[in-house]
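Enquirer:
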Amino acid sequence: MRISRRELLHRGALAGLGLSMLPRRAAAQPAGRGTRVGRYATLGRTGLRVSDISFGGSRLGAGEGDVVRHALDRGINYFDTADSYRGGDSETTIGNALRGQRDRVYLASKTYTSASERRDSMMRSLEASLRRLRTDYVDVYFNHAVNEVERLRNPEWHEFTARAKQQGKIRFVGVSGHAGRLIECLDYALDTDGVDVILVAYNFGQDPAFYQQFTRSFDFIARQPDLPRVLQKAKAKNVGVIAMKTLMGARLNDMRPFERGGATFAQAAFRWVFSTRSADALIISMTSRQEIEEYLGASGWQSAAADDLPLLRRYARMQGASYCRHGCQDCLSACPYGVPIGEVLRTRMYAVDYGDLALARSEYARLPAGAAACLSCTAQPCRGACDHGLPIERLLAPTHRILTS
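Residue numbers (numbering that gives the first Met the number 0): 0 to 404.
Structure (structure tokens):
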């Protein structure tokens, strides 16, 4: 794999990191059976008091309601889903599992809207979600995976949300994003006061401060140089912030041999998010009781534990040149055929890192343009376009084949 000079320097710097660089407290304790939510956070101006570690439903299929009920039993009260997750099965499963418990939970769902979509179509999508969720309202309704400002400028979206609020079908409006124009979209949403909550990809591998505090004068590429600024702007405007994609690719199996003293990689990544004070809460896909118990082991923490940094450092060193940074714009204009490189690689992450081919294919099918053009391309235009060393030219065509076969 070709590694840029910057990435090589980056790896060398990370290899020498010490534990004194992050605020920390006592060693983490192993999470055991019966672990519960340790903190509830106010979600900005919504006033909603949500579990700091909450339920992500992107990988939830039909007949998996037991996982949802277990999360509720452990104190999780915020459940995030979307009309596209598992073709609607995620919403249906959550709706069935939480039937009779509506007053104990907050429900969030999402829909993808184009820049030209009409309000009636949006309302039909919302009403279909409400039927699947077995409720007459959702607490937060997100414009899903926004990666172009034109979608936020669409007056139909604003008319739709105003009408849905008036009819009591939604309480608060959100925007979610994790792609190349993320900062531009979030700035617009916040500057126009068009959002109550933002759901944003945020992890230790995206914030330049995670690296800059170790590298001093080195000129490293900032994964998301403006992300901390935008998150602070949201805080200043009292807009709720929920973090997602907190595991930087979720390759947990790579880290199990290195976990020590009760700290797991997932818990360390969650504690890093909370230690920055930039997000009110985070969502994470939960697919088993065991995952719920592990993840809630980090609930209530707002600083790093003693054993966290070695895990984060090792993970960054191991995965630094194979992980596509959501929101990094290095490759945005590299393809003359308009292939959305970052978005294609995001769907590859779902297939390869998450091991979730169904989710990957579903998300890939939603892209306005895929990577079909890469099948007949010389692969020269995008070669070297990633300053982090990701071999784009070797990944796009196989991704298209896998996700369309």
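For each residue, glycine too, the CB sits at the ideal point set by N, CA and C. Owing to the predicted nature of the structure, the values given are computational and were not obtained by experimental measurement.
#1: Check whether the Cβ atoms of Cys-330 and Ile-391 sit closer than 9 Å, and answer yes or no.
#2: Should the stretch 59-66 be regarded as contacting the stretch 85-97, the criterion being three or more beta carbon pairs within less than 8 Å?
#3: How long is the line joining the alpha carbons of Asp-135 and Lys-168, rounded to whole angstroms?
#4: Pairs of beta-carbons, one from the stretch 78-85 and one from the stretch 105-121, closer than 8 Å: are there three or more?
#5: Note down, one range per segment and in chain order, each beta strand (DSSP E) of at least 3 residues found wholly within the stretch 237-295.
#6: Going by CA-CA distance only, name the one from Tyr-201, Ala-161, Ala-262 that's closest to Asp-119.
#7: Flag this pair as yes or no: are the beta carbons of Arg-312 and Met-254 separated by less than 9 Å?
#8: With distances taken between CB atoms, is the gap from Val-229 to Asp-186 smaller than 9 Å?
#9: Using the rule of at least 16 other Cβ atoms within 10 Å of the residue's Cβ for burial, across every protein chain shown, is Glu-149 buried or exposed?
#10: If distances are taken between C-alpha atoms only, which option among Pro-367, Gly-56, Tyr-39, Leu-151 comes closest to Ser-284?
#11: What is the DSSP secondary structure of Ile-405, counted as helix, strand or coil?
#12: Using the three-state DSSP reduction, which class does Leu-226 fall into: helix, strand or coil?
#13: Can you round the beta-carbon distance between Leu-125 and Tyr-140 to whole angstroms, since I take them to be within the 8 Å contact cut?
#14: Report, in whole angstroms, the separation of the C-beta atoms of Ala-350 and Leu-356, which I expect to be a contact under 8 Å.
#15: Looking at the structure shown, is Phe-54 part of a helix, part of a strand, or coil, going by DSSP?
#16: Whose CA, out of Val-272, Thr-263, Ile-340, lies closest to the CA of Leu-310?
#17: Considering only residues of the same chain and omitting the five flanking positions on each side of Gly-239, which have a CB-CB separation below 6 Å?
#18: Could you name each continuous alpha helix (DSSP H) segment of 4 residues or more that falls completely within the stretch 359-388, going from the start of the chain to the end?
#19: Grouping DSSP H, G and I as helix and E and B as strand, with all else coil, what is Val-137?
#20: CA-CA distance, Ala-40 and Ala-396?
#21: Determine the contact status of Ala-242 and Ala-200, defining contact as a CB-CB distance below 9 Å.
#22: Work out the CA separation of Cys-323 and Asp-386 for me, nearest whole Å.
#23: What are the start and end residues of the beta strand (DSSP E) that includes Phe-171?
#24: For the beta strand (DSSP E) holding Tyr-105, just list the boundary residues, first then last.
#25: What do you reckon, are the CB atoms on Tyr-294 and Gln-266 nearer than 9 Å?
#26: Taking just the CA atoms, how far does Leu-189 sit from Phe-171?
#27: Anyone know if the C-beta pair for Ser-302 and Thr-34 falls short of 9 Å?
#28: Less than 7 Å between C-beta atoms, sequence neighbours within five positions excluded: which residues of the same chain meet that for Ala-378?
#29: Take Glu-147 as the anchor and find which of Ser-115, Cys-184, Glu-158, Asp-138 has the nearest alpha-carbon.
#30: Please classify Asp-306: is it buried, with 16 or more other beta-carbons within 10 angstroms of its beta-carbon, or exposed?
#31: Got a sec? Which residues, its chain only, sit under 6 Å from Arg-400 by beta carbon, not counting five neighbours each side?
#32: Given a cut-off of 9 Å, decide if Val-36 and Ser-50 are closer than it, judged by their beta-carbon atoms.
#33: Just the C-alpha distance for Thr-245 and Leu-281, rounded to the nearest angstrom, thanks.
#34: Classify Ile-197 as helix, strand or coil using the three-state DSSP reduction.
#35: Starting from Ala-61 and walking both ways along the beta strand (DSSP E), at which residues does that stretch end?
#36: By the three-class DSSP mapping on this structure, what secondary structure does Asn-95 have?
Expert: In short:
#1: yes
#2: yes
#3: 6 Å
#4: The answer is yes - the stretch 105-121 touches the stretch 78-85, with three or more Cβ pairs under 8 Å.
#5: 239-243, 280-284
#6: Ala-161
#7: no
#8: yes
#9: exposed
#10: Gly-56
#11: The structure shown does not extend to residue 405, since the chain is modelled only from 0 to 404, so the question has no answer here.
#12: helix
#13: 7 Å
#14: 5 Å
#15: strand
#16: Thr-263
#17: Leu-42, Gly-43, Thr-45, Val-196, Asp-279
#18: none
#19: Annotated three-state conformation of Val-137 is strand, per DSSP.
#20: Their backbone Cα atoms lie some 43 Å apart in a straight line.
#21: Yes. Within cutoff.
#22: 11 Å
#23: 169-176
#24: Per DSSP, Tyr-105 belongs to the beta strand (DSSP E) from 105-110.
#25: yes
#26: So the two alpha carbons sit approximately 14 Å from each other.
#27: no
#28: Glu-392
#29: When only C-alpha atoms are compared, the closest one is Cys-184.
#30: buried
#31: none
#32: yes
#33: Rounded to whole angstroms, Thr-245 and Leu-281 show a C-alpha spacing of 8 Å.
#34: In the three-state reduction of the DSSP assignment, Ile-197 falls in the strand class, which pools E and B.
#35: Looking at the DSSP string, Ala-61 is not in any beta strand (DSSP E), and its letter there is neither H nor E.
#36: Helix.
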